[in-house]
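>
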Amino acid sequence: LPTPENFDVDGGIDQDIFDINEDLGLDLFEGDIKLNGAQERNS
Amino acid sequence: IIGEEYRWPHTIPYVLEDSLEMNAKGVILNAFERYRLKTCIDFKPWTGEPNYISVIKDSGCWSSVGKRTGRQELSIGANCDRIATVQHEFLHALGFWHEQSRSDRDDYVAIIWDRIQSGREHNFNIYSDEVSDNLNVPYDYTSVMHYSKTAFQNGTEPTIVTRISDFEDVIGQRMDFSDSDLLKLNQLYNCSSSLSFLDSCNFELENVCGMIQSSGDSADWQRVPQVPRGPDSDHSNMGQCQDSGFFMYFDTSAVNVGATAVLESRILYPKRGFQCLQFYLYNSGSESDQLNIYTREYSTDNVNGILTLVEEIKEIPIGSWQLHHVALKVTNKFRVVFEGHKGSGASLGGLSIDDINLSETWCPHHVWHIRNFTQLIDSPNGTLYSPPFYSSKGYAFQIQLTLSDLTNVGIYFHLISGANDDQLQWPCPWQQATMTLLDQNPDIRQRMSNQRSITTDPFMTTDNGNYFWDRPSQVGAVAFFPNGTQFRRSRGYGTSAFITHQRLKSRDFIKGNDVYLLLTVEDISHLNSTSVESTPTSPTSSIKELCLELTCENDGICAVRDDKAECMCPSGDDWWYVGERCEKRGSTRDTIIIVVSSTVAVFVLMLVVTLVSVYCTRRKYLKRTSSNTANMTVENEHAF
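Sequence lines, in order, name chains C and S. Per my numbering, the first sequence starts with residue 1474, numbered consecutively. Per my numbering, the second sequence starts with residue 721, numbered consecutively.
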């Protein structure tokens, strides 16, 4: 097969922050938030 | 988030940890420039302050919300090296939740709960207005902090439906701060100015932004809505708005050859010592007419200012608005001077300028101006190549836009064979290419330009064992310029999802059928943590060496004072750690106990002393009186 002309850093998909974190198996609060104790209780 | 304890100072100390990818480091520094242009938030390398942000490459992209004590981590992991993602995570650190978690979100979006992945429903919490403050700013579908409609979906249907359907594909933008993002941030941090913005002028107001006509010239610039020979409208509004849309015009048809018209900006006060002037220019006169850009710099020795010619813009194409950039390097208060100059050719029109922006930022190195863009979008072959450019280090490159995909526009960076290749280092090391699709809003502060960066990794190899970034004449394919000249083009490196067609057609990305891609290719090898030339401004490396010998306990932070490593111990409202390594814990309760017990001890001691002394005194007194009696008795015995 001819070498593909372009190298796609995103692997051809448009991933948002939350998709990236989900695919990594992270279950962060609201997808990308690390809570401290007080905020944890609040949430 | 409500709570003063979560606020950062306006200048935030940061560390770019070694774990970060090179491209991510460059992207983070570019994101800082966006904060410096549009807000009063600034960033500086950490120099031992107790609270700072440590940007790391951990798994994923994440941050905490609001300021924490001590070292606060923020992760820019693999695939997070996009400027808007960095802006998003730093907005969290500055105290912002996601937009759709506002207490009033149900007025604006509907959450479709049965379309959410099971167990992920908690990501759609609402924050009560006791915890989260919307700062009296209306709900913002365009926020860089808003989920997209597909967030945590369990299928293909959207989990968020906007109550105004026009915004369904707007939510989840990852391009730049929205106007409301900036309104909230600047309000939350009481911003009165920004570090790098200087001026923006669209000539809509009669005061023409305080610009002045020079007296030493032969004609004046006129503020007009259109010119018979062109342009027929201004650039800011492109004639869309009745009774508005003005620009400045120098009529070269009415003056003699060599005549000039000079327009000077108001006096501006620089802080950083480097500036980028950006404006649109239209020529309806003669190709021999030209525009000269000067600076007039004032100092104590030169109260009238020193006029310095910075650039001569010649052979200005006739009949269309053109974007121009001029790099300035001014350190004292100054004016920017626009001098229109009538050339020898016949003219029936003149020169027009509009949408001037001046900021203390670096100009892009190159601009790819794509004309008649709407026709190109619909063209079947759908691939555009830019003209060839040279980077500041001498590498030749070309940009490719792929328009054929129905949803997304792709963008790729190609090294191509160039005149300097024999003198250059191969594989190409650590050159970061930043490609920005310009949102042509007249005001630079309101632009939401779409930017992506890539960095050439000299160690990257391809399936056939070649170095990806090796010399194009070795690893590239034969290609031809439009004029038939043959050259070599390496594989493209970029993304197929640069921007959606829908977003591309929004805002002012396409204006007057023109699109601009701003290009910068710069050497970022100095950001490589293991390289000898680590950035001189961040002394963290010396701190690290000295601190290696000292282990601080209980979350103490090692800092260097007078070239000596010391532990800065954490403390709270009523507790603290002390000791050389923060090994001892103290608290106000302990202190009170100590004070009370020592008071009691002293009191008891005093009491004992008092009692003993009373006892002794009494005993002594009794002894004396008894001895006196005895003496007296003895004495008197013989006296009778």
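Virtual Cβ for every residue (Gly too), placed ideally from N, Cα, C. Predicted model only: the values in this text are computed from it and were never measured.
#1: As an exercise, report each continuous alpha helix (DSSP H) stretch of at least 4 residues that is fully enclosed by the region 740 to 778 of chain S, in chain order.
#2: Sort S/R835, S/W1082 and S/F844 by Cα distance to S/S821 and report the nearest one.
#3: Grab me the residues of S/S1019's own chain with a C-beta within less than 6 Å of its C-beta, minus the 5 sequence neighbours each way, in chain order.
#4: What does S/R727 touch in chain C if you count any residue whose Cβ is under 9 Å from its own?
#5: What would DSSP say about S/F1054, mapped onto helix, strand or coil?
#6: For a test of the three-state rule: what should DSSP assign to S/K1343, helix, strand or coil?
#7: Measuring straight from C-alpha to C-alpha, what distance separates S/Q1222 and S/G1214?
#8: With three or more C-beta pairs closer than 8 Å as the rule, is the region 989 to 997 of chain S touching the region 942 to 960 of chain S?
#9: S/F1117 CB to nearest chain C CB: under 8 Å?
#10: Starting from S/T805, trace the alpha helix (DSSP H) in both directions and tell me its first and last residue.
#11: Is it a yes or a no for the region 885 to 899 of chain S touching the region 842 to 856 of chain S, going by three-plus beta-carbon pairs under 8 Å?
#12: Do S/F1218 and S/V1087 have their beta-carbon atoms positioned less than 8 Å apart in this structure?
#13: I'd like to know whether the C-beta of S/F872 is nearer than 8 Å to at least one C-beta of chain C.
#14: Once the 5 residues before and after S/T1015 are set aside, which same chain residues still bring their CB inside 8 Å of it?
#15: For S/S1216 and chain C, any beta-carbon pair shorter than 8 Å?
#16: Closer than 9 Å by beta-carbon distance: list the chain C residues that pair up with S/S784, in chain order.
#17: DSSP on S/P733, reduced to helix/strand/coil?
#18: Residues bridged to S/G1070 by DSSP?
#19: Which residues in chain C have a C-beta closer than 8 Å to the C-beta of S/I776? List them in chain order.
#20: Among S/G786, S/E888 and S/S914, whose alpha-carbon lies nearest the alpha-carbon of S/E724?
#21: Could you name the residues of the same chain whose beta carbon sits closer than 8 Å to that of S/T805, not counting the 5 residues immediately before and after it, in chain order?
#22: Since S/I1244 meets chain C, which of its residues come closer than 9 Å, beta carbon to beta carbon?
#23: Helix, strand or coil: how does DSSP classify S/G1138 here?
#24: Over the uninterrupted alpha helix (DSSP H) stretch that includes C/I1493, give me the two end residues.
#25: Rounded to the nearest angstrom, what separates S/S1258 and S/R1301 at their Cα positions?
#26: Taking the Cβ atom as the reference point for each residue, do S/D860 and S/S823 lie within a distance shorter than 8 Å?
#27: If you count every other CB in all the chains shown that lies within 10 Å of the CB of S/N1356, and 16 or more means buried, which is it?
#28: In chain order, what residues of the same chain lie with their CB nearer than 7 Å to the CB of S/R756, ignoring the 5 residues before and after it?
#29: Residues of chain C with CB under 9 Å from S/Y1105, in chain order?
#30: Between C/F1480 and chain S, is the shortest Cβ-Cβ distance under 8 Å, so that the two count as touching?
#31: Hey, does S/G1363 have any beta-carbon neighbour from chain C nearer than 8 Å?
#32: Sort S/H955, S/L811 and S/E841 by Cα distance to S/S898 and report the nearest one.
#33: Report, in whole angstroms, the separation of the C-beta atoms of S/A751 and S/Q807, which I expect to be a contact under 8 Å.
#34: Pick helix, strand or coil for S/Y1335, following the three-state DSSP scheme.
#35: What are the boundary residues of the alpha helix (DSSP H) that includes S/V1195?
#36: Using DSSP with H/G/I as helix, E/B as strand and the rest coil, what is S/N1203?
Reading it off the structure:
#1: Fully enclosed alpha helix (DSSP H) runs of 4 or longer: 742 to 758.
#2: The option with the nearest alpha carbon to S/S821 is S/F844.
#3: N1052
#4: Those within 9 Å of S/R727 in chain C number zero; the least Cβ separation is about 15 Å.
#5: strand
#6: helix
#7: Taken atom to atom, the span from the alpha-carbon of S/Q1222 to that of S/G1214 is near 20 Å.
#8: Touching, no.
#9: no
#10: I803 to A813
#11: Remark: fewer than three beta-carbon pairs, one from each stretch, lie closer than 8 Å, so the region 885 to 899 of chain S and the region 842 to 856 of chain S are not flagged as touching.
#12: No; because the gap between Cβ atoms is not below 8 Å, this pair is not in contact.
#13: yes
#14: L1027, T1028, V1030, L1048, V1050, F1054, R1055, V1056 and V1057
#15: Taking a beta-carbon distance threshold of 8 Å, S/S1216 counts as an interface residue toward chain C.
#16: I1506, K1507, L1508, N1509 and Q1512
#17: strand
#18: S/D971
#19: None at all; the shortest Cβ gap to chain C is about 12 Å.
#20: S/G786
#21: C781, I796 and R894
#22: In chain order: nothing, as chain C lies at least about 16 Å away.
#23: Residue state for S/G1138 is assigned as coil, using DSSP reduced to three classes.
#24: I1490 to D1496
#25: At S/S1258 the pLDDT is 34, less than 50, meaning the model places this residue with poor confidence and gives no usable figure here.
#26: no
#27: Below a pLDDT of 50, predicted positions are generally treated as unreliable, and S/N1356, at 46, falls in that range; the measurement from the model is reported next regardless. Exposed, by the Cβ-count rule.
#28: D762, S914, L915 and S916
#29: Those within 9 Å of S/Y1105 in chain C number zero; the least Cβ separation is about 12 Å.
#30: yes
#31: One cannot answer for residue 1363 of chain S here, as it falls past the ends of chain S, which runs 721 to 1360.
#32: S/L811
#33: 5 Å
#34: helix
#35: P1192 to V1195
#36: coil
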